[in-house]
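Chemist:
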Amino acid sequence: MHIPDGFIDGKTAVVTAVISAVGVGFALRQVRRELPPRRVPLLGLAAAFLFAAQMVNFPVAGGTSGHLVGGTLVAALLGPSAAVVVVTTVLIVQCFLFQDGGVMALGADVFNMAILNSVIGYMIYRMVCHWLTGIRGRVTAIAFAAWCATVLAAICCAGQLAWSGTIPWSVAFPAMATVHMFIGVGEGLISALVFLAVYRARPDLITETTLTDQPQRLGELVRYGLLVTLGVAVFVAPFACSWPDGLDSVADKFGFSHKMAPLLPAPAPNYQVPGIHWAVGATAMAGAAGSLIVFVLALLMGRWLVPKPKDL
Amino acid sequence: MSVHLVNHHHGQPDSLVHRLPAALKLSVALVIIVATVLTPIQWLAWFVGVAGLLVLTMLLSRLPLFFVFRRLLVLSPFVLGVVLVNAFQPAGRDKWLAVAIKSVLCLLTVILVSNTTPFSQILRVLKSIRVPALLITTIALMHRYLFVLMDEAERMRRARASRTFTRGRRFHWRALATVVGQLFIRASERAERIYDAMCARGWK
Chain A
1 MHIPDGFIDG KTAVVTAVIS AVGVGFALRQ VRRELPPRRV PLLGLAAAFL
51 FAAQMVNFPV AGGTSGHLVG GTLVAALLGP SAAVVVVTTV LIVQCFLFQD
101 GGVMALGADV FNMAILNSVI GYMIYRMVCH WLTGIRGRVT AIAFAAWCAT
151 VLAAICCAGQ LAWSGTIPWS VAFPAMATVH MFIGVGEGLI SALVFLAVYR
201 ARPDLITETT LTDQPQRLGE LVRYGLLVTL GVAVFVAPFA CSWPDGLDSV
251 ADKFGFSHKM APLLPAPAPN YQVPGIHWAV GATAMAGAAG SLIVFVLALL
301 MGRWLVPKPK DL
Chain B
1001 MSVHLVNHHH GQPDSLVHRL PAALKLSVAL VIIVATVLTP IQWLAWFVGV
1051 AGLLVLTMLL SRLPLFFVFR RLLVLSPFVL GVVLVNAFQP AGRDKWLAVA
1101 IKSVLCLLTV ILVSNTTPFS QILRVLKSIR VPALLITTIA LMHRYLFVLM
1151 DEAERMRRAR ASRTFTRGRR FHWRALATVV GQLFIRASER AERIYDAMCA
1201 RGWK
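For the protein sequence lines, the chains are A and B, in the order given.
Taking this note's numbering, the leading residue of the first sequence gets 1, the next gets one more, and so forth.
Taking this note's numbering, the leading residue of the second sequence gets 1001, the next gets one more, and so forth.
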């Protein structure tokens, strides 16, 4: 999901950079306030861990392999603010040192993968944990949260590409969403397995970081929620609601649609590929159905991986 | 395996380009990237000029040509993919060429800068433009321990492979996940030791 340079135009780059700078600034302030100095080096080490973990390839059918992306996992292990800082660090190093992701697209990448992915993932994780207690509930929660966060980040990425005019929404949205619905299943499974492995070996690492300072987290989450909503409203909402169709119908009603035609020399007619609107709608519906299916799968996996709830 | 995969070039750090101040290189690169992305594709002169400048820099920096081209190829699959998608859009046929040219030029710029500038100098520039200290500490620590942890992951993966036969995919995934989980535990234990070491050396 790393966007290269040239795919994001000026306005999108500026808007994403501003939103991401606000988000990362807030995360840094939050981390400085609540993280004990003893744990400051952990941020850097967690970033190095995330990068190294992404090199471990999990075999998928047919000789292909996938790897962990990890925003949600880090958020569950270290808390949302620390996760925003950690993933941002990984993205900066990937951009400058390994040229993975463009410099102008860094703001967009940080928003999608560091802020949106970690924050949404953490929120869903906490919500599901609230219903389903115990380690079994947590494993279910992290699998489901990782899936949702992956798909949402991909949709947001599609929105940014469409807003930049690089790829039309009607192509970008179905392609990105469909592919990431499958990638998300792997991501959820790997996140849950890794989380469980950490829990089995060092349960104190998990309880220590996520069960404390809950009331403090609420205000933090509300602010992140506002920021993420703002980003989604800018990047995705214009395409999800029917602006162009609305404009067309208004034009028809006032009878100036024929006057508009020469003014707006559309390079491509509105409906260039038959059934393209059907594809967008179908993808949205598949996403809704998919999230239900994935939640049930995550529940079953939690039962299967954690034999009997002996603790909590 | 990991170090080869990362493929960072550390050869002859003594050319003219290597010796230029890091701040100058970074700001020129930023200007080139921003201008290249924003310039409409009709202004061909700009793109030809940038390409010429980059090729000149590449020759001056004495980076092996083969190395630079391989980096470009390895990093381009996404560019190629989107370019292909766009090529099938009736409207986007000339747009895809623009996107391809722009992203390759930007990629080349970053490859040249990052392979001729030591990372510590980049961090110093970031510090001088008031990037928060916590973020710089985190980036510096990540860069320092990145290769350590990658080697550690590789050692654990090899140790696991030498001790178990692969009993189907399900077992394989659980074993790999244990490796990753163990890597996290080792990283956080190492972080505690680093903190002690930092305190012992007067970090506040």
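Note that CB positions come from ideal geometry on N, CA and C, so glycine has one too.
Exposed or buried, what is residue 11 (chain A) when buried is set at 16 or more other beta-carbons lying within 10 Å of its beta-carbon?
Modeler: Locating residue 11 (chain A) in the first sequence gives position 11, where the first residue counts as 1. The residue in question, residue 11 (chain A), is exposed, as its Cβ has fewer than 16 Cβ neighbours within 10 Å.
Chemist: Using a beta-carbon distance below 9 Å, is residue 99 (chain A) in contact with chain B?
Modeler: To locate residue 99 (chain A), count along the first sequence from 1; it is residue 99. At least one chain B Cβ lies under 9 Å of residue 99 (chain A).
Chemist: Measure the alpha-carbon distance for residue 92 (chain A) versus residue 192 (chain A) and round it to whole angstroms.
Modeler: The sequence position of residue 92 (chain A) within the first sequence is 92, counting from 1. The sequence position of residue 192 (chain A) within the first sequence is 192, counting from 1. One C-alpha to the other measures close to 26 Å.
Chemist: Does DSSP put residue 312 (chain A) in a helix, in a strand, or in coil?
Modeler: Residue 312 (chain A) sits at position 312 when you count from the first residue of the first sequence. Low confidence applies here, because residue 312 (chain A) scores a pLDDT of 46, under 50, leaving its location unreliable and the question unanswered by this model.
Chemist: So with CB distances below 9 Å, who are the chain A contacts of residue 1173 (chain B)?
Modeler: Reading the second sequence from its first residue, position 173 is the one you call residue 1173 (chain B). Correct list: 58, 59, 189, 190, 193.
Chemist: Residue 1129 (chain B): buried (16+ other C-beta within 10 angstroms of its C-beta) or exposed?
Modeler: Walking along the second sequence from the start, residue 1129 (chain B) turns up at place 129. So residue 1129 (chain B) counts as exposed.
Chemist: With three or more beta-carbon pairs closer than 8 Å as the criterion, would you say the region 1146-1160 of chain B touches the region 99-114 of chain A?
Modeler: Result no; under three Cβ-Cβ pairs closer than 8 Å.
Chemist: Given 8 Å as the limit, tell me if residue 158 (chain A) has its C-beta closer than that to any heavy atom belonging to the ligand SAH.
Modeler: Absence of the ligand SAH from the depicted structure is noted, as is the absence of any ligand whatsoever, leaving it without description.
Chemist: Going by Cα to Cα distance, which pick from A:58, A:120, A:29 is closest to residue 229 (chain A)?
Modeler: Within the first sequence, the letter at position 229 stands for residue 229 (chain A). For residue 229 (chain A), the nearest C-alpha among the options comes from A:120.
Chemist: Specify the secondary structure class of residue 65 (chain A) as computed by DSSP and reduced to three states.
Modeler: Looking up residue 65 (chain A) in the first sequence gives position 65. Of the three classes helix, strand and coil, the one that applies to residue 65 (chain A) here is strand, per DSSP.
Chemist: Find the residues of chain A that neighbour residue 1039 (chain B), judging by a C-beta separation of less than 7 Å, and give them in chain order.
Modeler: For the purposes of this step, residue 1039 (chain B) is taken as residue 39 along the second sequence, with counting starting at 1. Within chain A, no residue comes near residue 1039 (chain B); the closest Cβ sits about 10 Å away, beyond 7 Å.
Chemist: Just mark residue 37 (chain A) as buried or exposed, buried being the case when its beta carbon has 16 or more other beta carbons within 10 Å.
Modeler: For this step, residue 37 (chain A) is matched to residue 37 along the first sequence. The residue in question, residue 37 (chain A), is exposed, as its Cβ has fewer than 16 Cβ neighbours within 10 Å.
Chemist: Consult DSSP for residue 7 (chain A) and reduce its assignment to one of helix, strand or coil.
Modeler: Working through the first sequence from its first residue, we reach residue 7 (chain A) at position 7. Note: residue 7 (chain A) maps to coil in three-state DSSP.
Chemist: With three or more beta-carbon pairs closer than 8 Å as the criterion, would you say the region 130-146 of chain A touches the region 296-305 of chain A?
Modeler: These segments touch.
Chemist: Does residue 307 (chain A) come out as helix, strand or coil in the three-state DSSP assignment?
Modeler: Working through the first sequence from its first residue, we reach residue 307 (chain A) at position 307. If DSSP states are grouped into helix, strand and coil, residue 307 (chain A) belongs with coil.
Chemist: State yes or no: is the C-beta of residue 1107 (chain B) within less than 9 Å of the C-beta of residue 1084 (chain B)?
Modeler: For the purposes of this step, residue 1107 (chain B) is taken as residue 107 along the second sequence, with counting starting at 1. For the purposes of this step, residue 1084 (chain B) is taken as residue 84 along the second sequence, with counting starting at 1. No; because the gap between Cβ atoms is not below 9 Å, this pair is not in contact.
Chemist: Under 8 Å: do the region 72-88 of chain A and the region 26-34 of chain A share three or more Cβ pairs, one atom per stretch?
Modeler: Touching, yes.
Chemist: With the cut-off set at 9 Å, would you say residue 130 (chain A) and residue 153 (chain A) are in Cβ contact?
Modeler: Position 130 of the first sequence holds residue 130 (chain A). Position 153 of the first sequence holds residue 153 (chain A). Not in contact: residue 130 (chain A) and residue 153 (chain A) (Cβ atoms no closer than 9 Å).
Chemist: Can you tell me which residues form a DSSP beta bridge with residue 59 (chain A)?
Modeler: Locating residue 59 (chain A) in the first sequence gives position 59, where the first residue counts as 1. Answer is A:65.
Chemist: Does the beta-carbon of residue 1199 (chain B) have 16 or more other beta-carbons within 10 angstroms, so that it is buried, or is it exposed?
Modeler: Residue mapping note: residue 1199 (chain B) aligns to position 199 of the second sequence, counting from 1. With fewer than 16 other Cβ atoms within 10 Å, it is exposed.
Chemist: Is there contact between the region 1031-1040 of chain B and the region 1106-1126 of chain B, where contact requires at least three CB pairs shorter than 8 Å?
Modeler: Output reads yes: the region 1106-1126 of chain B touches the region 1031-1040 of chain B.
Chemist: Using only the alpha-carbon positions, how far apart do residue 113 (chain A) and residue 1124 (chain B) sit?
Modeler: As a first step, residue 113 (chain A) must be located in the first sequence, where it is residue number 113. As a first step, residue 1124 (chain B) must be located in the second sequence, where it is residue number 124. Between residue 113 (chain A) and residue 1124 (chain B), the C-alpha separation is close to 26 Å.
Chemist: In chain order, which continuous runs of the alpha helix (DSSP H) of length 4 or greater are located wholly inside the region 1092-1173 of chain B?
Modeler: As far as the region 1092-1173 of chain B is concerned, its whole alpha helix (DSSP H) runs of at least 4 residues are 1093-1116, 1119-1128, 1133-1163.
Chemist: What separation, rounded to the nearest whole angstrom, lies between the Cα atoms of residue 210 (chain A) and residue 1193 (chain B)?
Modeler: Residue 210 (chain A) sits at position 210 when you count from the first residue of the first sequence. Residue 1193 (chain B) sits at position 193 when you count from the first residue of the second sequence. With a pLDDT of only 49 at residue 210 (chain A), under 50, the local geometry of the prediction cannot be trusted, and no value is derived from it.
Chemist: Could you please give the first and the last residue of the uninterrupted alpha helix (DSSP H) stretch that includes residue 1018 (chain B)?
Modeler: Position 18 of the second sequence holds residue 1018 (chain B). Its alpha helix (DSSP H) spans residues 1016-1019.
Chemist: Comparing alpha-carbon positions, which option in A:122, A:85, A:126 lies nearest residue 1132 (chain B)?
Modeler: As a first step, residue 1132 (chain B) must be located in the second sequence, where it is residue number 132. Nearest C-alpha to residue 1132 (chain B): A:85.
Chemist: What span of residues does the alpha helix (DSSP H) with residue 109 (chain A) cover, start to end?
Modeler: Within the first sequence, residue 109 (chain A) is the residue found at index 109, counting from 1. Per DSSP, residue 109 (chain A) belongs to the alpha helix (DSSP H) from 106-109.
Chemist: 9 Å is my cut-off, CB to CB: does residue 8 (chain A) come that close to chain B?
Modeler: As a position in the first sequence, residue 8 (chain A) is number 8, starting the count at 1. Yes, because at least one Cβ of chain B sits closer than 9 Å to the Cβ of residue 8 (chain A).
Chemist: State the Cα-Cα distance for the pair residue 187 (chain A) and residue 1177 (chain B), rounded to the nearest angstrom.
Modeler: Numbered from its first residue, the first sequence carries residue 187 (chain A) at position 187. Numbered from its first residue, the second sequence carries residue 1177 (chain B) at position 177. When rounded, the distance between both Cα atoms is 11 Å.
Chemist: Looking at residue 155 (chain A): is its Cβ nearer than 9 Å to the Cβ of residue 182 (chain A)?
Modeler: Position 155 of the first sequence, counted from the start, is the residue given in the question as residue 155 (chain A). Position 182 of the first sequence, counted from the start, is the residue given in the question as residue 182 (chain A). No. Outside cutoff.
Chemist: Could you list which residues in chain B have their beta carbon closer than 7 Å to that of residue 181 (chain A), in chain order?
Modeler: Here residue 181 (chain A) refers to the residue found at position 181 of the first sequence. Simply none; closest approach about 18 Å.
Chemist: Can you say whether residue 57 (chain A) is buried or exposed, counting buried as having 16 or more other CB atoms within 10 angstroms of its CB?
Modeler: In the first sequence, the residue the question calls residue 57 (chain A) occupies position 57. Residue 57 (chain A) should be labelled exposed.
Chemist: Rounded to whole angstroms, what's the CA-CA distance from residue 20 (chain A) to residue 1059 (chain B)? Just pull it up for me.
Modeler: In the first sequence, the residue the question calls residue 20 (chain A) occupies position 20. In the second sequence, the residue the question calls residue 1059 (chain B) occupies position 59. Answer to the nearest angstrom: the Cα atoms are 37 Å apart.
Chemist: Let's test the definition: count the other Cβ atoms within 10 Å of the Cβ of residue 283 (chain A) and tell me whether it reaches 16, buried, or not, exposed.
Modeler: Stepping through the first sequence from its first residue, residue 283 (chain A) is reached at position 283. The residue in question, residue 283 (chain A), is buried, as its Cβ has 16 or more Cβ neighbours within 10 Å.
Chemist: Taking DSSP as the reference, what is the three-state secondary structure of residue 54 (chain A)?
Modeler: Translated into positions along the first sequence, residue 54 (chain A) becomes position 54. Looking at residue 54 (chain A) - three-state DSSP - the assignment turns out to be coil, as it is neither helix nor strand.
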